[in-house]
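Below you'll find the structure, written out as structure tokens, and then a few comments.
Residue numbers (the UniProt record's numbering), protein chains in the order written: chain A, 1 to 548; chain B, 1 to 548.
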């Protein structure tokens, strides 16, 4: 990874980097040095419009990070009565942020920079700002406000509908959200697939076609694998981790895990909230978790998941705070970091080789469990569970596929809102082999559509797929170094090599590269499902004694 | 208290309200009804410029309240490493707030409202906004930035100087802060006493002359009273409350006290911070405290103090959030609310009649203490203490007087920075009978001057003086009602009558009235030191068996 990668086609074209390997190493180094020098000269001589544009971007991104603190507080610390003031604070900050972004000056600076020869970093920053500006500028403020009002109403209706298992009460709100979001997409680009436009709200730097290819591969791999697991006689050891586990001790365990993994409590906090999340910036990134007395492995897993998010954020460059180079590369990459730690570390045998003793110190009743027992307990597959947020590593993606296909068809106008419950249940039967008993446990279970978030769900699966690809590359790179394998290091409680690999190949780049480009630079391959399908087939094949 | 008070001269003139008592009651009621009706008609027909002005004010005040959340978080929750991002967030919000306030539109709306016939509430809101706008508009932004930079440097220098007892190292920074603040005052009004102009930063609605008269009365009362106490043989019972008191139990006790007094935990929180403070708005107002193992009465007192601040803020009208009518009336009035609860309730015999049993439940080692013992312990006078923040109810004001006289003379150019330490020590000798042994325990003890806050100190004493006047009026009003006296109610743990009196006479008005006007409407008298001097002479005369 070095800055000569600037010459890679920023649109995500696949060819340019592949040929580099055939170039003589000395020549390549010379060329890279020359490119770096040219880049540094450009950076030192940045046009005034560039500096002015970055100053503006720092301001709106800093307002956004202030809003992040208010949201964290709202979910973790705020007393119940504080809502009216907090809503107003967030709404005023959001409108100030929008004003800064869409002010005529932003457009003028961007116009001044059109065709100007910039360094690679500068071009990337301008690319990111330009996209953000053009999207915000394309959508009338009136529509943004109507969407916000509709989603506030829809949220209340969804809560009631779910409580009463009454899809019809929610349907008109869903209908309205779909219409408004189609209108929104049309303002941004009336000639493109509206779902592709909305997907870019969450994953702006990955063409939807590539995402769809990856999701199709997931379906082809996971549906038969899950069928085989359902029919398997394998009996995983889970009894030891069932029963009642004191939540104060669970919290101590979570802190011990974070300490071992390398969470910097001088730049973060662990708190409890009703839904675990991560919030912050490169100086102060906080995680939350929740504890279930009946399930100590769940809280531990979600703490490790949030740790992955936080490590990414804390690894962004300090001196780029507020610029695109100091912002994370969107949702799939962020989710890749959380899933990598949650699944490839926290659900690995190597991790439990290291961590089981600590677990047992906190919960002596598990003293008899073997590493194999723990490994089986954290990797159980639950085909009968209809709820996404309770899903295991494997079935999770089938839950996502159902949502992805439904929301895509809704936005494209290929599915009526009235047909959502039946389509949902049919797809659950087809992919997971179960049919939810109620809509509350079916198509009403998630908050996303009431918020008008269409295009968000796929990023969860794309992140897991990317995690597998990144982890495989890290394993290979560590294998090529002197010393133990990555697995052996983790079994010894040494996470340094993995941290260094992620910092070097992912974190430090911020939004410097587009998504596929980042993956390709880190792994040498285009973003694909190959590593993920290899990983799940091999891991779950062995666990459940099935072959596919 | 009713809205006919709108007709009182808003400049704080003393005559108009006095004559009202001679008017026949029925006529007065009729006149008040007519005034109310006229006011309501004006309010219903508010000019567009008024609505537009209020909308702008709501925005900048809401940004300010968002900054308040960030500051609370910084002092209570933020991990150490978060400082760089937090400084940037606060600085961007502060500049956005300044932009909103000083935008040409603000001036245009104010100009449009010049001479327009507005309701009493509207006139008050415009008066407050106009003053804030004119002050902000008068000072060049460049000067504001130089002040901010100088105070950041001075803060660091002050911390080092205090640690090393080296006044000379701090002197150039103090000099610079004085100069910059004189320059600041000259921009606002070059023809007025600069100290009076600076005092208005903290207490904009009380003429400095009145404040000076009150402070002079304090000096005349307290210096001889303290001399008499120093020579008194009285031996107050304090032993029972000395020793070591577990801080977790102190926290439980603080929560129990807040519960009894009527703190609404659905709209607030209690946390620990290095300096106790209160922060928030009418929906969410949080307090902090700190615990000293050796002194359970100190934490309890400061918790009750902050409770008073929080009750005021939580009593501001909900529907005026972000307008001057929903903002507190500046520092003296705010301090009057905290001191009223801390001193007139928390240091009263009646309160300990009620609360001692709870104290003893938490700390059974104090089971033998009588109410009289507790009363004496919370009212000890410590003439030998040179530190303001550790001062008792009585000597506190002598600490303030020293600072007030020095900062006033510095700003007026009547005292050189080099002479501050000697002047300080001479005044301590003169007022308190002690001479600090070091500058660290003398003129370097407070943070205020390093921040460039000149004119702030007097508000501490003015608040205590006002507390005595308000409390005496509340006592008289409750005495005129059916039922027990205020004292007897408090002894029975019933704080409702006091809450209602404060809500009605102080809290609900926000910044509706100027300071003296508010006091006069609440108490029937101009703001003066009379009630306070009566209170301390009677209370401490009895405690120390002295007469003055």
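Positions of the beta carbon are idealized from the N, C-alpha and C atoms, including for glycine. From a predicted model like this one, the values you see are computed outputs, not experimental measurements.
Selection 282(B), 91(B), 489(B) evaluated against residue 351(B) yields 489(B) as nearest (Cα-Cα). Less than 8 Å separates the beta-carbon of residue 281(B) from that of residue 85(A).
For residue 162(B) and residue 479(B), the gap between their C-alpha atoms comes out near 50 Å. When DSSP states are grouped into helix, strand and coil, residue 415(B) belongs to the coil group. Residue 504(A) has its alpha-carbon roughly 20 Å from the corresponding atom of residue 322(A). If you check the CB distance, residue 378(B) and residue 301(B) come in under 8 Å. DSSP, reduced to helix, strand and coil, places residue 192(B) outside both helices and strands of the structure shown, so it counts as coil.
Contact between the segment 312 to 332 of chain A and the segment 228 to 237 of chain A is absent: fewer than 3 CB-CB pairs across the two stretches fall below 8 Å.
Collapsing the DSSP output to three states places residue 129(B) in a helix.
In this structure, the alpha-carbon of residue 178(B) lies about 37 Å from that of residue 267(A).
Residue pairing for residue 387(B): DSSP places it in no beta bridge. Non-local beta-carbon contacts of residue 310(A) in its own chain, meaning distances under 8 Å to residues more than five positions away in sequence, involve 263, 268, 278, 280, 285, 286, 287 in chain order.
Residue pairing by DSSP places residue 287(A) opposite 270(A), 278(A) in a beta bridge. Scanning 368(B), 410(B), 172(B), 500(B) for the CA closest to the CA of residue 198(B) turns up 410(B). In this structure the segment 334 to 342 of chain B does not touch the segment 291 to 299 of chain B; the number of beta carbon pairs closer than 8 Å is below three.
Taking every protein chain shown into account, the CB of residue 147(B) has 16 or more other CB atoms within 10 angstroms, so this residue is buried.
Residues are counted here when their Cβ sits less than 7 Å from a Cβ of chain B; for the segment 93 to 117 of chain A these are 93, 96, given in chain order. Residue 65(B) reaches chain A at 85, 89, counting residues in chain order whose Cβ is nearer than 7 Å.
Between residue 495(A) and the set 455(A), 50(A), 259(A), 167(A), the nearest pair of CA atoms involves 259(A). With respect to the C-alpha of residue 491(B), the residue from 312(B), 60(B), 251(B), 358(B) having the closest C-alpha is 358(B). Any Cβ of chain B closer than 8 Å to the Cβ of residue 176(A) would place that residue at the interface, and such an atom is absent. Taken in chain order, the whole alpha helix (DSSP H) runs of length 4 or more contained in the segment 47 to 130 of chain B are 48 to 76, 83 to 102, 104 to 113. The alpha helix (DSSP H) runs of length 4 or more contained entirely in the segment 474 to 542 of chain B are, from start to end of the chain, 486 to 491, 496 to 505, 515 to 523. At a cut-off of 8 Å, the C-beta of residue 62(B) has a neighbouring C-beta in chain A.
At a cut-off of 8 Å between beta carbons, residue 270(B) makes no contact with chain A. Residue environment analysis places residue 304(B) among the buried positions, since at least 16 neighbouring C-beta atoms fall within 10 angstroms of its C-beta. Residue 69(B) has a beta carbon lying within less than 8 Å of a beta carbon in chain A.
Of all C-beta pairs linking the segment 108 to 123 of chain B to the segment 407 to 421 of chain B, fewer than three are shorter than 8 Å, placing the two stretches out of contact. Separation of residue 299(A) and residue 348(A) (C-alpha to C-alpha, rounded to the nearest whole angstrom) is 16 Å. In the DSSP annotation of this structure, residue 343(A) is not part of any alpha helix (DSSP H), being labelled neither H nor E. Spanning the alpha carbons of residue 473(B) and residue 484(B) requires a straight line of approximately 16 Å. In terms of Cβ geometry, residue 506(B) and residue 202(B) do not form a close pair [threshold 8 Å]. In chain A, no part has a C-beta under 7 Å from the C-beta of residue 453(B); the shortest such distance is about 25 Å.
Going by DSSP, residue 307(A) is part of the alpha helix (DSSP H) stretching over 296 to 314. If you compare the alpha carbons of 393(B), 384(B), 426(B) with that of residue 403(B), the shortest gap goes to 426(B).
Distance between residue 395(B) and residue 384(B), taken at the CA atoms: about 10 Å.
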